[in-house]
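*Asks:*
Numbering (the numbering used here), first residue to last: 765 to 1067.
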C-alpha cells in the first residue's frame, strides 16, 4: 500500500470516528458529546509559555497522571485525547500573559473548524483597542465570545469602570465573556475578586459571564453569587473536577445552580479525558450531567 493510500485510509477512519461521535455513537460508553469550554492548544506562544516544568507541576499538584497530549505537544495527540473524551467542541481563549495572538489561535482553529471555537482576547487595560478588537476579530469573524484577563499583569480590576464600555458592548451583542477568576488571576492573591465579579454581573444582568476555575479558592462565595445572578456561570476545570472545589461545584450542579455549571479542561494544565471522567464520577442524574458536559455550554454558544 502506498503512503498516500495509507494516509487517505487513516483520514477516512478518523472522519468516520468523528461522524460517529457527532451522532452520539461511542466506543467507550454512550454518555453523549462533550464541550470543553477552556482549552489552550500548543500554538506558537502557548507552546513557549506553558513550559514542561509548569505542566508537570500542575498535573502533579492536582493529582493527575500526565497525558501524551500534554507532553509531546502534537496536534495528533491532542486530537486523540479530544476524541477519547468525546469532545465535539472546544473553546480556545486568547491570553495576553503569554503574548498569544488572536491570529495564531484562528490559524490553529483552522485545523478543525467544526471543533475549535476561538474566543479572541480583549486587553481591558486598553479599552478603545478592546472595542476595536470586538468589531475586527469577533463580529467580523463570527466568533462566539471573548476572553479577558483583568488583574493579569495590569492594575485593572474586574469592576473597574474603565471596562464598563466593553461589558456594555458585549451585552449589546449578546456575546459571552470567559475570564480567569481564581487565585491565579492576579499577581498577588486578591480575596476581593468575588465581590468584583458580583458587581459586574449585577450591573450587566444580560451579560453572560463565565468564571474559569469557578473563582477557586473562593468557590463557596461564587456559588451564592451565581444563585442570585443567573448570568454568572462557573467553569469546573482541573481543580473543580477533582480538587477541594469539587464537592462545592458538584452540589451547585446538583441543586443550587444546575443550569450554571459547565466543564472545561484548562488543558494543558489539566487533562481532558480524565476531567470528563471526574465529572461523571460526580454521579449526577443524567439530565444534570448532560448540562455540565454539554447542554449549558451549547446554550451559551447558541448551538
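The C-beta atom is built at its ideal place from N, Cα and C for all residues, glycine as well. Quick caveat: nothing in here was measured; it's all calculated off a predicted structure.
#1: Determine the extent of the beta strand (DSSP E) in which residue 800 is found, giving its start and end residues.
#2: Mind reading off the beta-carbon distance from residue 1002 to residue 822? Whole number of angstroms is fine, and I expect it under 8 Å.
#3: Rounded to whole angstroms, how far is the Cβ of residue 810 from the Cβ of residue 804, which I believe are closer than 8 Å?
#4: What does the alpha-carbon distance come out to for the pair residue 977 and residue 911?
#5: Using the Cα positions of residue 888 and residue 971, report the straight-line distance between them to the nearest angstrom.
#6: Reducing DSSP to helix, strand and coil, say where residue 828 ends up.
#7: Since residue 927 contacts residue 914 with CB under 8 Å, what's their CB separation in whole angstroms?
#8: Hey, how far is the Cα of residue 1061 from the Cα of residue 1025?
#9: Pairing CB atoms from the region 831-850 with CB atoms from the region 1036-1051, are three or more of them under 8 Å?
#10: Evaluate residue 941 with the Cβ neighbour count: other Cβ atoms within 10 Å of its Cβ, from every protein chain shown; 16 or more gives buried, anything less gives exposed.
#11: Taking 8 Å as the cut-off, decide whether the C-beta atoms of residue 922 and residue 961 are in contact.
#12: Rounded to the nearest angstrom, how far is the Cβ of residue 797 from that of residue 1058, given a contact under 8 Å?
#13: Among residues of its own chain, excluding the 5 on either side of residue 748, which ones have a beta-carbon nearer than 7 Å to its beta-carbon?
#14: Would you mind stating whether residue 1056 and residue 1027 have Cβ atoms separated by less than 8 Å?
#15: I'd like to know whether the C-beta atoms of residue 929 and residue 891 end up nearer to each other than 8 Å.
#16: Helix, strand or coil for residue 944? Go by DSSP, reduced to three states.
#17: Report the residue ranges of all alpha helix (DSSP H) runs contained in full by the region 855-899; include only those spanning at least 4 residues, in chain order.
#18: Could you tell me the boundaries of the alpha helix (DSSP H) in which residue 964 lies?
#19: Please report the distance separating the alpha-carbon of residue 806 from that of residue 936.
#20: Measure the C-alpha to C-alpha separation of residue 854 and residue 869 and round it to an integer number of angstroms.
#21: Out of 1016, 986 and 1066, which has the shortest C-alpha to C-alpha gap to residue 1046?
#22: What do you get for residue 831, buried or exposed, if any count of 16 or more other CB atoms within 10 angstroms of its CB means buried?
*Replies:* According to the data block:
#1: What you label residue 800 is simply residue 36 of the chain shown in a count that begins at 1. Segment 798-800, the beta strand (DSSP E) holding residue 800.
#2: As a first step, residue 1002 must be located in the chain shown, where it is residue number 238. As a first step, residue 822 must be located in the chain shown, where it is residue number 58. About 7 Å; that satisfies the 8 Å criterion.
#3: Residue 810 sits at position 46 when you count from the first residue of the chain shown. Residue 804 sits at position 40 when you count from the first residue of the chain shown. The pair is a contact, with the Cβ atoms about 5 Å apart (cut-off 8 Å).
#4: Counted from its first residue, the chain shown places residue 977 at position 213. Counted from its first residue, the chain shown places residue 911 at position 147. Rounded to the nearest angstrom, the two C-alpha atoms are 14 Å apart.
#5: On the chain shown, position 124 is the one that residue 888 refers to. On the chain shown, position 207 is the one that residue 971 refers to. Taken atom to atom, the span from the alpha-carbon of residue 888 to that of residue 971 is near 16 Å.
#6: The residue labelled residue 828 in the question sits at position 64 within the chain shown. Residue 828: coil per DSSP, three-state reduction.
#7: In the chain shown, the residue the question calls residue 927 occupies position 163. In the chain shown, the residue the question calls residue 914 occupies position 150. Indeed, because the Cβ distance is near 7 Å, the residues count as touching under 8 Å.
#8: By 1-based counting over the chain shown, the position of residue 1061 is 297. By 1-based counting over the chain shown, the position of residue 1025 is 261. Computed Cα separation, rounded: 9 Å.
#9: The region 831-850 is in contact with the region 1036-1051.
#10: On the chain shown, residue 941 is found 177 positions in, with the first residue counted as 1. The residue in question, residue 941, is buried, as its Cβ has 16 or more Cβ neighbours within 10 Å.
#11: The residue you call residue 922 lines up with position 158 of the chain shown. The residue you call residue 961 lines up with position 197 of the chain shown. Yes, the pair counts as a contact, with Cβ atoms nearer than the cut-off.
#12: Taking the first residue of the chain shown as 1, we reach residue 797 at position 33. Taking the first residue of the chain shown as 1, we reach residue 1058 at position 294. Right, their Cβ atoms sit about 6 Å apart.
#13: In this structure the chain extends from 765 to 1067, so residue 748 is not present and cannot be described.
#14: Along the chain shown, one-based indexing puts residue 1056 at 292. Along the chain shown, one-based indexing puts residue 1027 at 263. Contact flag set, yes.
#15: In the chain shown, counting from the first residue as 1, residue 929 sits at position 165. In the chain shown, counting from the first residue as 1, residue 891 sits at position 127. Contact flag set, yes.
#16: The sequence position of residue 944 within the chain shown is 180, counting from 1. Looking at residue 944 - three-state DSSP - the assignment turns out to be strand.
#17: Correct list: 866-873 and 891-897.
#18: Within the chain shown, numbered from 1, the residue matching residue 964 stands at position 200. Taken as a continuous stretch (DSSP letters only), the alpha helix (DSSP H) holding residue 964 covers 957-967.
#19: Here the question's residue 806 lines up with position 42 in the chain shown. Here the question's residue 936 lines up with position 172 in the chain shown. For residue 806 and residue 936, the distance between alpha carbons rounds to 33 Å.
#20: Within the chain shown, the letter at position 90 stands for residue 854. Within the chain shown, the letter at position 105 stands for residue 869. So the alpha carbons of these two residues sit roughly 12 Å apart.
#21: Your numbering for residue 1046 matches position 282 in the chain shown. Checking every option, the nearest Cα to that of residue 1046 belongs to 1016.
#22: Translated into positions along the chain shown, residue 831 becomes position 67. Buried.
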